[in-house]
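Undergrad: Note that our numbering has the sequence shown beginning at 3, numbered continuously upward.
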Amino acid sequence: MTIPAVEIKGLYKYFGALRALDGIDLSIHQGEFFALLGPNGAGKSTLVNI
Numbered sequence: 003m004t005i006p007a008v009e010i011k012g013l014y015k016y017f018g019a020l021r022a023l024d025g026i027d028l029s030i031h032q033g034e035f036f037a038l039l040g041p042n043g044a045g046k047s048t049l050v051n052i
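Given below as structure tokens:
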């Protein structure tokens, strides 16, 4: 098993009372391609900006 280049476990982000990210888990290994897909307001930009 290889070590991930990026690994996120249980990430939460709040803006006041609004929960923008709810326990995100993400592992990206070297050489992988991935996409973040979702509707407006789903938290894609928030995740990338963290």
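Glycine is no exception: its CB is placed at the ideal position from the N, C-alpha and C atoms. Owing to the predicted nature of the structure, the values given are computational and were not obtained by experimental measurement.
Considering only DSSP beta bridges, list what residue 26 is partnered with.
TA: Start at 1 with the first residue of the sequence shown, and residue 26 comes out as number 24. For residue 26, which the question treats as bridged, DSSP gives the partners 13.
Undergrad: Going by Cα to Cα distance, which pick from 10, 6 and 32 is closest to residue 23?
TA: Position 21 of the sequence shown, counted from the start, is the residue given in the question as residue 23. Out of 10, 6 and 32, 10 has the C-alpha closest to the C-alpha of residue 23.
Undergrad: Spatial neighbours of residue 36 within its chain, please: CB distance less than 8 Å, with the 5 preceding and 5 following residues excluded, ordered by chain position.
TA: Here residue 36 corresponds to residue number 34 of the sequence shown, with the count starting at 1. Correct list, in chain order: 30.
Undergrad: Thinking C-beta only, is residue 16 closer than 8 Å to residue 25?
TA: Within the sequence shown, residue 25 is the residue found at index 23, counting from 1. Within the sequence shown, residue 16 is the residue found at index 14, counting from 1. Taking 8 Å as the Cβ cut-off, residue 25 and residue 16 do not qualify as a contacting pair.
Undergrad: With a Cβ-Cβ cutoff of 8 Å, do residue 12 and residue 27 count as a contact?
TA: Residue 12 sits at position 10 when you count from the first residue of the sequence shown. Residue 27 sits at position 25 when you count from the first residue of the sequence shown. Yes, Cβ-Cβ distance for residue 12 and residue 27 is below 8 Å.
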